[in-house]
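Shown next, in structure tokens, is the structure this report addresses.
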């Protein structure tokens with residue numbers, strides 16, 4: 001079989017490396033949709049990877065593919081050939097627990113230079129098994145000859161490391177870059193490195209076992225002699241650090257795989273398990289839980305969910321706080337890790353470039369070259385108006401869920417600092433509402449969760465000018481004062497508890513006066529810098545139900561607005577109603593559907609006893625997930641109306657997995673079941689449980705409270721839901737109210 005040289009393979013798969021004209025099939029235009037490629041993603045710790053279905057990473061303008069470590073792309077091109085040609089895809093799948101990516105491939109028809117057929121298609125099987133662990137990507141390539149004749153099989157691997165900063169990959173142009181160093185080539189390994197303008201040398205080491213027949217700084221070639229039915233395994237480690245591995249790739253593959261699976265099992269074992277009568281929902285919720293635990297990153301303070309792959313695989317304050325709220329019933333350890341990490345990193349000084357003020361909670365952390373140099377402001381950035389009240393809210397919810405007074409006592413000074421921030425810095429004009437406005441021209445223009453530049457506007461479509469007081473932020477601040485009162489009372493600070501209750505009551509009254517619009521039938525989106533209301537119907541109003549700031553007599557009107565055809569598209573509640581000036585179902589924040597947003601709304605509806613509406617939202621998002629690859633809810637999807645026998649319309653660059661989207665079904669399930677806990681009484685309670693139409697039974701195992709746990713089944717019985725206790729461990733009580 002004739003095989004081209006490594007240089008020829010590079011030219012075929014990566015023409016820019018040799019200065020030839022690019023082949024369009026291997027290049028992704030800057031405006032390309034992630035949905036076109038439906039990439040396969042892996043993550044562990046501070047490393048994540050994005051591959052196509054073949055297991056390749058194809059570089060080019062706009063391509064998000066490759067292996068990333070600490071916000072730098074350590075491998076930008078990774079391309080497999082057999083006989084100089086790209087293998088054909090058979091299947092590509094992630095394990096249910098996301099522990100490994102497996103790609104099954106086979107050879108195409110292979111010809112020599114004269115056009116003679118050398119090897120008929122489908123005679124050689126290639127299986128790529130790949131996972132991440134501790135800053136390395138491990139791969140086993142199993143090659144098997146199914147021909148009845150011996151075959152010489154030539155395997156090529158072409159690679160490159162561009163060491164691009166994540167923000168470069170996202171499209172930011174840089175005036176200057178650092179220095180790329182020549183490759184360091186050994187018998188079975190090659191090191192690629194780059195020294196950035198920040199002075200840090202970043203290195204990628206590729207190790208092979210067995211050693212390739214040929215190895216250069218751009219590719220490796222293996223010459224395999226396989227008899228009939230014979231197989232051969234090749235092992236590769238891609239390490240995102242300098243230095244040799246402690247063991248050869250073959251041994252490292254199996255050792256690291258064992259450690260990775262053990263770690264996943266250990267972390268996931270904390271969680272309540274969920275099984276239902278609907279197998280499709282079971283698949284969806286298994287993927288949700290697997291995505292959540294894949295995105296968890298161990299920190300000295302505990303587990304912390306990174307926001308999402310590919311663009312947000314790092315610490316985000318708001319995303320983690322909301323994810324922790326969504327999963328608090330399932331695994332309180334996540335909330336504890338989030339709270340402790342954010343407390344340690346709470347702002348203590350005024351820093352306009354970072355939008356930081358004493359007591360403020362983090363928005364985002366970045367570790368790449370551009371962040372280190374200040375080319376982007378996100379090295380340690382605090383430009384989030386809602387993270388601080390959400391931090392206080394989560395602290396109170398964690399105490400209510402676990403009774404862990406010791407942890408909350410340690411957090412109390414940070415809660416106090418956060419409340420001081422709300423008073424001294426959050427409320428800029430002393431009107432009782434919390435507003436935002438960036439401190440420098442480099443900061444985020446909008447600092448709520450809808451942070452697009454055009455997401456806050458008036459009824460005529462004109463953009464609101466700040467400082468801006470968002471509706472949902474006032475709801476979170478109300479929730480923070482209520483939580484602070486509960487915490488203070490539990491810690492014996494009665495005077496502070498009374499003061500916090502008064503603050504909450506005053507804010508509730510002011511919010512109703514200034515934010516509820518009778519003609520609109522719901523809460524306005526925001527107040528602008530002149531205190532003019534943004535009279536726009538948005539999903540933000542639903543968050544007022546979440547925290548209880550909405551007066552009971554307003555709940556019905558808000559629910560009707562949210563569930564009207566202009567807002568509820570059938571898959572979920574749109575961010576902006578279709579009647580509004582800036583509505584666009586394909587926009588990021590002005591008409592799309594976000595799963596986490598809908599989960600918070602559903603929880604708010606259930607809080608006010610609107611279980612039927614909460615179940616409709618649950619059903620819509622579940623139905624959407626049934627059409628999506630891997631049953632994985634993405635960050636968002638388009639807000640087009642649901643059509644019979646058709647799935648949702650995908651948003652082109654939505655992250656998947658995304659932590660708060662993965663956790664959305666978990667919160668919606670809790671909301672419908674009315675599930676709550678009283679650790680002091682060792683009580684698990686179900687208040688007016690409701691099952692959505694697609695579920696007839698839900699079995700929850702390892703529902704922990706205090707030092708005990710219970711396994712519980714909930715079954716539909718006519719119009720009621722019956723709760724059956726399957727097993728108790730410890731003196732746990734289970735109660736239901738209908």
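Residue numbers (full-length UniProt numbering): 1 to 738.
Glycine residues also receive a C-beta, built at the ideal position from the N, C-alpha and C atoms.
Quick caveat, the model's predicted, so the values are computed rather than measured.
Closest Cα partner of residue i within the set the options
{"i": "residue 690", "options": "131, 497, 717", "result": "717"}
{"i": "residue 328", "options": "610, 664, 644, 530", "result": "664"}
{"i": "residue 443", "options": "377, 45, 220, 75", "result": "377"}
{"i": "residue 76", "options": "203, 333, 659", "result": "203"}
{"i": "residue 345", "options": "316, 322, 331, 352", "result": "316"}
{"i": "residue 324", "options": "237, 544, 341, 310", "result": "341"}
{"i": "residue 679", "options": "338, 730, 526", "result": "730"}
{"i": "residue 725", "options": "694, 695, 683, 707", "result": "683"}
{"i": "residue 349", "options": "688, 124, 382", "result": "382"}
{"i": "residue 369", "options": "177, 727, 394", "result": "177"}
{"i": "residue 576", "options": "570, 560, 593", "result": "593"}
{"i": "residue 500", "options": "701, 487, 475, 131", "result": "487"}
{"i": "residue 622", "options": "667, 461, 353", "result": "667"}
{"i": "residue 292", "options": "58, 681, 633", "result": "633"}
{"i": "residue 233", "options": "245, 165, 223, 91", "result": "223"}
{"i": "residue 208", "options": "186, 195, 200, 198", "result": "186"}
{"i": "residue 628", "options": "618, 464, 646, 640", "result": "646"}
{"i": "residue 122", "options": "145, 448, 111, 129", "result": "145"}
{"i": "residue 199", "options": "462, 372, 609, 636", "result": "372"}
{"i": "residue 416", "options": "128, 396, 433, 430", "result": "396"}
{"i": "residue 703", "options": "402, 620, 580, 654", "result": "402"}
{"i": "residue 441", "options": "433, 255, 354", "result": "354"}
Collapsed DSSP secondary structure at residue i in the structure displayed
{"i": "residue 321", "result": "helix"}
{"i": "residue 728", "result": "strand"}
{"i": "residue 587", "result": "coil"}
{"i": "residue 658", "result": "strand"}
{"i": "residue 738", "result": "coil"}
{"i": "residue 78", "result": "strand"}
{"i": "residue 133", "result": "strand"}
{"i": "residue 388", "result": "helix"}
{"i": "residue 155", "result": "strand"}
{"i": "residue 556", "result": "helix"}
{"i": "residue 370", "result": "helix"}
{"i": "residue 25", "result": "With a pLDDT of only 23 at residue 25, under the threshold of 50, the placement of this residue in the model should not be trusted; the figure read from the coordinates follows. Helix at residue 25."}
{"i": "residue 601", "result": "helix"}
{"i": "residue 542", "result": "helix"}
{"i": "residue 287", "result": "helix"}
{"i": "residue 526", "result": "strand"}
{"i": "residue 139", "result": "strand"}
Cα-Cα separation, residue i to residue j
{"i": "residue 616", "j": "residue 692", "result": "7 angstroms"}
{"i": "residue 386", "j": "residue 467", "result": "14 angstroms"}
{"i": "residue 173", "j": "residue 167", "result": "9 angstroms"}
{"i": "residue 714", "j": "residue 723", "result": "5 angstroms"}
{"i": "residue 32", "j": "residue 652", "result": "Confidence is the limiting factor: at residue 32 the pLDDT is only 49, short of 50, which leaves the residue's position unreliable, though a coordinate-based value still follows. The alpha-carbon atoms of residue 32 and residue 652 are separated by roughly 8 angstroms."}
{"i": "residue 552", "j": "residue 70", "result": "47 angstroms"}
{"i": "residue 536", "j": "residue 276", "result": "39 angstroms"}
{"i": "residue 321", "j": "residue 81", "result": "44 angstroms"}
{"i": "residue 258", "j": "residue 251", "result": "11 angstroms"}
{"i": "residue 134", "j": "residue 338", "result": "21 angstroms"}
{"i": "residue 564", "j": "residue 557", "result": "11 angstroms"}
{"i": "residue 638", "j": "residue 548", "result": "29 angstroms"}
{"i": "residue 391", "j": "residue 361", "result": "7 angstroms"}
{"i": "residue 508", "j": "residue 489", "result": "21 angstroms"}
{"i": "residue 421", "j": "residue 163", "result": "39 angstroms"}
{"i": "residue 182", "j": "residue 193", "result": "7 angstroms"}
{"i": "residue 98", "j": "residue 297", "result": "14 angstroms"}
{"i": "residue 287", "j": "residue 578", "result": "31 angstroms"}
{"i": "residue 240", "j": "residue 43", "result": "13 angstroms"}
Test: residue i CB closer than 8 angstroms to a CB of chain E
{"i": "residue 361", "result": "This model lacks chain E altogether; it includes just one protein chain."}
Presumed contact (8 angstroms Cβ cut-off) between residue i and residue j, rounded CB distance
{"i": "residue 604", "j": "residue 573", "result": "Between residue 573 and residue 604 the Cβ distance is about 11 angstroms, and since that is not below 8 angstroms, they are no contact."}
{"i": "residue 671", "j": "residue 735", "result": "Contact flag wrong, Cβ pair sits at about 18 angstroms."}
Quiz item: Which runs of the beta strand (DSSP E), 3 residues or longer, sit entirely within the stretch 692-724?
Solution: 697-705, 708-717
Quiz item: At which residue ranges does the stretch 394-451 contain complete beta strand (DSSP E) runs of 3 or more residues, listed in the order of the chain?
Solution: none
Quiz prompt | Contiguous alpha helix (DSSP H) assignments of at least 4 residues, all confined to the stretch 297-356 | solution = 317-327, 332-344
Quiz prompt | Unbroken stretches of the beta strand (DSSP E), 3 residues or longer, contained in the stretch 235-280 | solution = 273-276
Quiz item: Fully enclosed by the stretch 614-684, which alpha helix (DSSP H) runs are 4 residues long or longer?
Solution: 659-662, 664-673
Quiz prompt | Segments assigned alpha helix (DSSP H), at least 4 residues, entirely inside the stretch 444-497 | solution = 471-490
Quiz item: Enumerated in chain order, which unbroken segments of the alpha helix (DSSP H) with a length of 4 residues or greater are wholly contained in the stretch 146-195?
Solution: 166-169
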